[in-house]
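Working notes for the structure below.
Numbering (UniProt numbering), first residue to last: 1 to 156.
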């Protein structure tokens, strides 16, 4: 893994995910990092990020594989960047142990450049994982019956 590129964060995240290794995944984050998952759970600190992913690998994603697609990096000066990546996760477990359909998300990381005796490397300060809603709605509307995907534009 190329430690000297902001892209190393999503590459390392994919490797840790596919190994189901919450410790390796957590090491990609600074100590006081935060992470918002697809349902809006907000974990603060590297340890909470590790604990949450360890639970996920043990109960939800233990047979899953993450594939990373399009990745964009936007530098915010010399030592900070935003990394966006389209991700597909296959093999998620349902609560009754069946295999769920593929899940598509967009990961967003804010990363910072650090330095040690081996040179520069990058760590995530913040991460957010956002589900890509099937059907490409404009937004979602909450109602007493739950959340519904809606379109405000006419189909062409």
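Even glycine gets a Cβ: it sits at the ideal position worked out from N, Cα and C.
All of these numbers come straight from a predicted model, not from anything done at the bench.
Rounded straight-line distance, which links the Cα of residue j to that of residue i
i: residue 151; j: residue 133; result: 12 Å
i: residue 111; j: residue 23; result: 18 Å
i: residue 54; j: residue 27; result: 13 Å
i: residue 39; j: residue 142; result: 14 Å
i: residue 45; j: residue 114; result: 18 Å
i: residue 29; j: residue 125; result: 6 Å
i: residue 25; j: residue 75; result: 23 Å
i: residue 153; j: residue 130; result: 22 Å
i: residue 34; j: residue 118; result: 26 Å
i: residue 4; j: residue 116; result: 12 Å
i: residue 97; j: residue 120; result: 42 Å
i: residue 138; j: residue 87; result: 20 Å
Secondary structure of residue i, DSSP reduced to three states
i: residue 8; result: helix
i: residue 56; result: helix
i: residue 131; result: strand
i: residue 140; result: strand
i: residue 123; result: strand
i: residue 118; result: coil
Contact belief for residue i with residue j at Cβ below 8 Å, rounded distance in angstroms
i: residue 128; j: residue 108; result: 5 Å
i: residue 92; j: residue 57; result: With 8 Å as the limit, residue 92 and residue 57 do not qualify as a contact, their Cβ atoms being about 11 Å apart.
i: residue 6; j: residue 83; result: 5 Å
i: residue 14; j: residue 99; result: Incorrect: roughly 20 Å between the Cβ atoms, too far for contact.
i: residue 122; j: residue 9; result: 6 Å
Cutoff 8 Å: residue i Cβ touching any chain C Cβ
i: residue 12; result: This model lacks chain C altogether, as it is built from one protein chain only.
Close Cβ partners of residue i (< 6 Å) along its chain, the five nearest in sequence each way excluded
i: residue 78; result: none
i: residue 89; result: 64, 66 and 103
i: residue 85; result: 10, 68, 71 and 107
i: residue 80; result: 112
i: residue 17; result: 66
Proximal residues to residue i (C-beta, below 8 Å), its chain only, five neighbours per side dropped
i: residue 94; result: 100
i: residue 135; result: 149
i: residue 47; result: 26
Cβ shell of residue i (< 7 Å), same chain only, five flanking positions each side left out
i: residue 37; result: 129
query: Which ranges would you report for the alpha helix (DSSP H) in the UniProt domain "DUF4440" (9-113) if only whole runs of at least 4 residues count?
result: Listed in chain order, the complete alpha helix (DSSP H) runs (minimum 4 residues) inside the UniProt domain "DUF4440" (9-113) are 22-26 and 46-59.
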